[in-house]
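Visitor: My structure is below; once you've seen it, I'll send some questions.
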Amino acid sequence: MTGQSHRLPQGGLIDRAQTLSFTFDGRALSAHPGDTLASALLANGVHLTGRSFKYHRPRGLYSSGPEEPNALVTLGTSGRTEPNIPATMVEVYDGLVARSQNRWPSLKFDALAVNSLLKPFFPAGFYYKTFMWPRSFWCRLYEPMIRRAAGLGALANEPDPDRYKHAHAHCDILVVGAGPAGLMAAREAALAGARVLLADERPAPGGHLSGETIGIDGKPGAAWAGAVADELAAMENVRLLSRTTVYGRYDGMTFGAVERVGDHRAPDSSSPRQRSWTIHSDQLICAAGAIERPLVFAGNDRPGVMLAAAARSYVNRYGVLPGRNVVVFTNNDDAYRTANDLAGAGARVTLVDSRAEGEVAARALLPAGVEAHYGEYVAGTKGRAHLRGVTLASSGRGIACDLLCVSGGWNPTIHLLSHTGRKPVWDEATASFAMTDPGDGAFAAGGAAATFDLGLTLREGATAGRAAARACGCRLSGKADIPKAGQLPAYGVEALWRVPDAMSKAQGSFVDLQNDVTVADLELAEREGFGHAEHAKRYTTLGMATDQGKLGNVNALGILSELRDMPVAQAGTTTFRPLATPVALGAIAGQARGRDLRPVRHTAMYRWHESHDAVFTQAGLWLRPYYYPREGEDFAAAAAREVHAVRSSVGMVDISTLGKIELKGPDAGAFLDRLYINSISKMKLGRTRYGVMLREDGMVFDDGVVARLGEDHFFITVTTAHAAQVMQHMEFCHQVHWPELDVQFCSVSEAWAAIAVAGPNTRDALARCVTGLDLSNEAFPFLAAGEGRIDGAPVRIFRVSFSGELGYEIFAPAGSGAGVWRAIMEAGEPYGITSFGTEAMTVLRVEKGHVAGPELDGRTTAADLGLGRMMARKKDYIGRAMAEREGLVGAGRQQLIGLKPVGKDGALRMGAHLVNELGAVGPDVSQGRVTSAAYSPTCGHFIALGVLRDGRSRIGERLYAVSPLHEEQVEVTVTQGVFVDAQGERMRV
Amino acid sequence: MRITCPWCGPRPLSEFAYGGDAGKTRPGYPGKAGPDAWMDYVYLRENPAGRHKEYWHHSGGCRSWLVVTRDTTNHEIAKVALAGPQAKDAGS
Ligand SMILES: [Zn+2]
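Read top to bottom, the protein sequences are chains A and B. Numbering of the first sequence is given in the working numbering, commencing with residue 141 and proceeding in unit increments. Numbering of the second sequence is given in the working numbering, commencing with residue 1287 and proceeding in unit increments.
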């Protein structure tokens, strides 16, 4: 382990009593609690932290906050690997593993740095221009090459072992930022009685105060902030969320935030790693501070160039001296504090100020020994992996240095005020885009409001807190208690978008460090007609990296306005959209992953299926038995055995997933008349009827069984897939179209388990377990409905059949479902009763020519499916008018037919197209398609249902079923579509 | 986004299902409405940037169909009413 060569002997908010060890690129280094990865690297003398995105130029730590463009690292190992994390936001813990990115084979020697020499050939827009042709080269050659050369960290290929949570919070006032403005706002609002949520992205409150020497009420800034935060934490109406980034504002004062619950300690699965918050508030106080602006000149990206306030925060907050020979280059007074603090820590400091000497009030603040140059610029830098010196523009003089601190002014952090579409306006006094009118329910205070004086910031925070409290109905008393702040130099910023052309080369002057966008790129964009801010962004990729242009955007707008010869106020800004900072996908997914992605629904008989070796299939959220393989059986053999049992003796299937709706009321029949195409109100008591519903556009919506259980009492089943939609549709029809109908209905899908029993021996089998109902054909004929008991449970029994065999559907209270299933199993034992799954069910219904989901695909009318005669003539029903329109009736419609292979051994496939002859190509070649296909053990060959143009008049014709995707073509014969018992006798016996 | 259901009070968006334009009234059948009226009712939809009257179903709550007046540019909700009585008043 190497020593901390750049750690100052004292100072900073770190715990020097403890030493932590961590690794960077495999090298063991040490740190103290309170360090970020960035401060720890600097303490160890490490500046070089990565290679740039496009040109692979060496890059170093540039900031001390979330805006960090260069020092993006990959943390963790195996499944916990996480790329693109700013080192400035990582708290060091014992055992932390961090790696640099975007370098190959190593950080010091990067083979792809040759891109840097090719820079003139990699201008903006070059992806669009260079790699257009030939088309096939794009995915084979260009894209993989670019991806290897450019790009940031790589994702882990293993599942993430950490846990993530979602949570909701409700408050009257959300305060974002626990710096001086945010703390004052939260305190005043809380004292007025408002429910306050104060979120801050750092582990400790204070914001910029923690990196400054200025005090409040005679205390160091961080100590004052800690005391206010303690006071807030003790109040019942305040919730403090530290390590929490509010990344987006959405409509209706809803906010997204991520709390980094466990990122500051070694991975541990006992608590979530991150918590994703949805915050519902009434008012917003944005006290998110400001971000310092870089200065633009040739070589401004070299490791050793750093934002001025970041440099002094490393001294003041972390006790780290980031350079010993320092040049400070500024256009404002704020950076004088950097000159002061670094000189105080023992560095030799030279100051370069772009302003004329007479305009600078702060010059009196410079400590003795600081050499100052006024009306001067830094025009270039020297060094390779680290800065060795700078060149001044007018004098041409070189100054040796190992740290260059830059300050181009400050940009208010206004994302949360802009996400609703509100545009910031140019503020000449502070040379920044500010949100002067944050809109209803929103307030800005401090740096976020372009206020750069500490006393004013404290007052503004208090005022915003009181105004927000009043807006949500709190009564204010007394006056705000404003603490006394230390004096700061006047800001006095003078906009400097780039060091003038003649002095600095556009080529190596970086505007967006993360995406390697230079002044030359912006010039090219402007020359080629893409000078508007929104165009230049897309043309150059400016502001499109993970930092979303937090550093570079305003400089770019200024440069573009100069190039276009218009005031920056008119150049406008690009659009702010959430997310303001990157959020891990794990936090967005929360608990909803793997088996918790969505709920799973089990029927009442699930355990029985499971213990009888059922293979399950998913039907929506349901798990349904697909087939029940016996020893040595494959899928086809099991399905064939199950089908055979139904055709020859008796089988049973769990149909509990059907939707079930119960209706009561004098108008129940009239209501159903308007929903189904056939007449329902004239049904006799104790009878069932097959019913079809249309959508209002005339296409078939759903089908099922309607049973009349009483004069005013109906029970209907709807398909598993449409259960929820049909219920919603019925509620719409009743509440919106026909509220005058006296009917009540309710979904009872979960209340009833359902079993279909079918096969020639069904009646004999059921007679052994059903009591209270005479099942004889005379007493309980085809389509009868009745009630009885099985295994002591009351059951509803309908004599209906989808297989064409003698069949019954039995509905039992869900709690009795498993017992009733077992009782029927036992009763059927002498007949070899066989449970069957959804595959056998499909085979049975295709053999009988029954339509199901694949035929009810939203493109078929009742007439297309051969159900036209069911459509009642003397009533209104949903879909009638549109079903009768031209185009849905008459010749040319694709109609339901059956298909069988000519050669008997051909295999048919769902989705295959029906064509008259092979080889023809064109839009009209397809005559229809196969909708359902199955191997029929009963027929001994494949059978299918399909839709065919004018199909009913083409029975007996020969066609081809082709599936070019699978290179299949099978000659088929068109049939009626009923392959078993065409006369329908078996189900009536 | 939250919708204040007349029965259930302010509830989160996740409890509701969208039901489309509420500005149309179903033509009766059989009636005098011709194909044009049906075409208009089934297919033609306004797409305003601004206030829009639309159906929402409180599917995860009381199951009421509501008519919500929403600004499509910022999701601000000006009014929520039960769909039933309004449909009746409109004489459909
Ligand atoms: Zn409700």
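Glycine residues also receive a C-beta, built at the ideal position from the N, C-alpha and C atoms.
Taking Q710 of chain A as the query, report the chain B residues whose CB atoms sit under 9 Å from its CB, ordered along the chain.
Guide: None at all; the shortest Cβ gap to chain B is about 24 Å.
Visitor: Would you list, in sequence order, the uninterrupted alpha helix (DSSP H) runs of no fewer than 4 residues that lie entirely inside the stretch 303-339 of chain A?
Guide: Fully enclosed alpha helix (DSSP H) runs of 4 or longer: 320-331.
Visitor: For the alpha helix (DSSP H) containing F811 of chain A, name the first residue and the last one.
Guide: Segment A808 to L815, the alpha helix (DSSP H) holding F811 of chain A.
Visitor: Can you find the residues in the same chain that come closer than 6 Å, C-beta to C-beta, to A1373 of chain B, ignoring five residues on each side of it along the sequence?
Guide: Caution applies to A1373 of chain B, whose pLDDT of 43 falls short of 50 and renders its modelled position unreliable; the model cannot decide the point.
Visitor: Can you give me the Cβ contacts of F670 of chain A inside the same chain, cut-off strictly under 7 Å, excluding the 5 residues immediately before and after it?
Guide: Excluding sequence neighbours, F670 of chain A sits near A676 and Y679.
Visitor: Can we say the stretch 298-316 of chain A touches the stretch 335-342 of chain A, given the rule of at least three CB pairs closer than 8 Å?
Guide: Because the criterion of three Cβ pairs below 8 Å is met, the stretch 298-316 of chain A and the stretch 335-342 of chain A touch.
Visitor: Within the present structure, is the beta-carbon of G402 of chain A separated from the nearest heavy atom of ligand 3 by less than 7 Å?
Guide: For ligand 3, the structure offers nothing, since it holds only ligand 1.
Visitor: Run through DSSP, which three-state label would M706 of chain A get?
Guide: In this structure, M706 of chain A counts as coil in the three-state DSSP scheme.
Visitor: Of the residues A:H310, A:D493 and A:E207, which one's Cα is nearest the Cα of P1296 of chain B?
Guide: Minimum Cα distance to P1296 of chain B is reached at A:H310.
Visitor: Taking beta-carbon pairs under 7 Å, can you tell me which members of the stretch 552-568 of chain A lie near chain B?
Guide: Hits within the stretch, in order: T560.
Visitor: Using DSSP bridges, identify the partner residues of Q1109 of chain A.
Guide: Per DSSP, A:V1102.
Visitor: For a test of your reading of the model: does the CB of W364 of chain A fall under 7 Å from any non-hydrogen atom of ligand 1? Yes or no.
Guide: Result no, Cβ not under 7 Å from ligand 1.
Visitor: Taking just the CA atoms, how far does K1365 of chain B sit from G632 of chain A?
Guide: If I take the Cα positions, the gap works out to 50 Å.
Visitor: Determine the contact status of V960 of chain A and I856 of chain A, defining contact as a CB-CB distance below 8 Å.
Guide: No, the pair does not count as a contact, with Cβ atoms beyond the cut-off.
Visitor: Using 10 angstroms around the beta-carbon of N1162 of chain A, count the other beta-carbons present and answer buried if the total reaches 16, otherwise exposed.
Guide: Outside the shown range of chain A, which is 141 to 1129, sits residue 1162 of chain A, and nothing can be said about it.
Visitor: Under 8 Å between the Cβ atoms of S644 of chain A and A519 of chain A?
Guide: In contact: S644 of chain A and A519 of chain A (Cβ atoms closer than 8 Å).
Visitor: Is the Cβ-Cβ distance between V492 of chain A and L461 of chain A less than 8 Å?
Guide: The answer is no: Cβ separation not under 8 Å.
Visitor: Rounded to whole angstroms, what's the CA-CA distance from L697 of chain A to R1356 of chain B? Just pull it up for me.
Guide: Their Cα atoms are separated by approximately 35 Å.
Visitor: Would you identify the three-state DSSP class for P623 of chain A, choosing helix, strand or coil?
Guide: Looking at P623 of chain A - three-state DSSP - the assignment turns out to be coil, as it is neither helix nor strand.
Visitor: Counting C-beta neighbours from all protein chains within 10 Å, is the total for R615 of chain A 16 or more, i.e. buried, or is it exposed?
Guide: R615 of chain A is exposed by the Cβ-count criterion.
Visitor: Which chain A residues are close to V1354 of chain B, counting only those with a beta carbon under 7 Å from its beta carbon?
Guide: Under the 7 Å cutoff, chain A gives no residues; its nearest Cβ is about 13 Å from V1354 of chain B.
Visitor: What residues come near ligand 1, if near means a beta carbon less than 6 Å from any of its heavy atoms?
Guide: Per the Cβ criterion, the list is B:C1291, B:W1293, B:C1294, B:H1344, B:G1347, B:C1348 and B:S1350.
Visitor: Return the CA-CA distance between R383 of chain A and I699 of chain A, expressed in angstroms with no decimal places.
Guide: Going by the C-alpha atoms only, they are around 35 Å apart.
Visitor: Using a beta-carbon distance cut-off of less than 8 Å, what residues from the stretch 1342-1353 of chain B approach chain A?
Guide: Within the stretch 1342-1353 of chain B, the qualifying residues are H1343, S1345, R1349, S1350 and W1351.
Visitor: Based on DSSP bridge pairs, tell me the residues matched to S547 of chain A.
Guide: According to DSSP, S547 of chain A bridges with A:T470.
Visitor: Could you tell me the alpha carbon to alpha carbon distance between G595 of chain A and P320 of chain A, rounded to whole angstroms?
Guide: Cα to Cα, the separation comes out at about 9 Å.
Visitor: For a contact meaning CB atoms closer than 7 Å, what does V1366 of chain B contact in chain A?
Guide: Per Cβ cutoff of 7 Å: no residues; V1366 of chain B is ~13 Å from chain A at best.
Visitor: So A574 of chain A contacts chain B; which residues on that side make the cut at Cβ distance below 8 Å?
Guide: Simply none; closest approach about 22 Å.
Visitor: So K305 of chain A and G850 of chain A are in contact, right, with Cβ under 8 Å, and what is the actual spacing, rounded?
Guide: Rounded, the Cβ-Cβ distance is 50 Å, inconsistent with contact.
Visitor: Can you pull the chain B residues whose beta carbon is under 7 Å from the beta carbon of M1022 of chain A, in chain order?
Guide: Simply W1324 and V1328.
Visitor: Along the chain, where does the alpha helix (DSSP H) that runs through S453 of chain A open and close?
Guide: From DSSP, the alpha helix (DSSP H) with S453 of chain A extends over A448 to Y458.
Visitor: According to DSSP, is V960 of chain A part of a helix, a strand, or is it coil?
Guide: The answer is helix: DSSP assigns V960 of chain A an H, G or I state.
Visitor: Going by alpha carbons, who is nearest to G844 of chain A out of A:G799, A:A501, A:N440 and A:L662?
Guide: The candidate whose alpha carbon is nearest that of G844 of chain A is A:G799.
Visitor: Determine whether the beta carbon atoms of T860 of chain A and W762 of chain A lie at a separation below 8 Å.
Guide: Cβ distance < 8 Å, so T860 of chain A and W762 of chain A count as in contact.
Visitor: Hey, quick one: how far does the beta strand (DSSP E) through T1355 of chain B stretch, first residue to last?
Guide: Here the beta strand (DSSP E) through T1355 of chain B covers W1351 to D1357.
Visitor: Grouping DSSP H, G and I as helix and E and B as strand, with all else coil, what is E1332 of chain B?
Guide: The answer is coil: DSSP assigns E1332 of chain B none of H, G, I, E or B.
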